[in-house]
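Numbering (UniProt numbering), first residue to last: 1 to 110.
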């Protein structure tokens, strides 16, 4: 879905079939924010956790824990997007071993 007047597109599971997502993410809702610079940002969402990662596999992932469905919004503007934390109850940290622990390696086409 293209966002009007924005360089951001939102892709959900129906369109993510072309990407090979690891088995470890199959139990979550995965959405993708795809920007015109070809960076694909994935959000793996469960009831109490969001893992934010992208298609540059050398980076770490960002994790948000808590009541994520109620206390985090994604703010989209004409060029990009940004998660907005609405509560101090949300814990945010970097998950440096995310790609190794989920089985995503350089051969994945994310």
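We put the beta carbon where it would ideally sit given N, CA and C, even for glycine. The structure presented is a predicted model; accordingly, all values stated were derived computationally and were not measured.
Residue of the options minimising C-alpha distance to residue i
| i | options | result |
| --- | --- | --- |
| residue 41 | 67, 30, 48 | 30 |
| residue 36 | 44, 78, 88 | 78 |
| residue 39 | 47, 10, 24, 28 | 10 |
Simplified DSSP assignment, three categories, for residue i
| i | result |
| --- | --- |
| residue 114 | Nothing can be reported for residue 114: it is not among the residues displayed for the chain, which extend from 1 to 110. |
| residue 38 | coil |
CA-to-CA distance, residue j to residue i, given in whole angstroms
| i | j | result |
| --- | --- | --- |
| residue 52 | residue 64 | 8 angstroms |
| residue 49 | residue 104 | 19 angstroms |
| residue 85 | residue 26 | 25 angstroms |
| residue 100 | residue 58 | 10 angstroms |
Residue j beta carbon less than 8 angstroms from that of residue i
| i | j | result |
| --- | --- | --- |
| residue 76 | residue 83 | no |
| residue 22 | residue 80 | no |
| residue 60 | residue 33 | no |
| residue 28 | residue 45 | yes |
query = On the three-pair Cβ rule with 8 angstroms, is the stretch 93–101 touching the stretch 67–81?
reply = Counting Cβ pairs under 8 angstroms, fewer than three are found: no touch.
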